[in-house]
Amino acid sequence: MSNILLAYAMMGAMSGENFGRTIVMDRTVQVRDEELYNKSKGLKQFFYGGNSLWAINQKNADRKVKSLKWI
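Residues 112 to 182 in my numbering are what the sequence shown spells out, letter by letter.
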């Protein structure tokens, strides 16, 4: 996915066209955008060891963790 975004960024830089969104390479900005997006959907962040995931509630978070085989 990141290769596709990089290709679009390169095409935009070469052609001078604006594709409607600036691609941000800074990880902190991407994490903040993801957090705001998830919170706007009513999700909460749950932590399992060194991993975290977003879910509606604890029950759904536990189900996702089991399917990912984190526990």
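Note that beta-carbon positions come from the ideal geometry of N, C-alpha and C, so glycine has one too. All values reported here derive from a predicted model rather than from experimental measurement.
Spatial neighbours of L154 in its own chain (CB-CB distance under 8 Å, excluding positions within 5 residues in sequence) are listed in chain order as W165, A166, I167.
Following the DSSP letters along the chain, one finds K155 in no alpha helix (DSSP H) but inside the beta strand (DSSP E) bounded by residues 155 to 159. In chain order, V176 place their CB closer than 6 Å to the CB of I182, counting only its own chain and leaving out the 5 sequence neighbours on each side. In the structure shown, N162 falls within a strand segment according to DSSP collapsed to helix, strand and coil.
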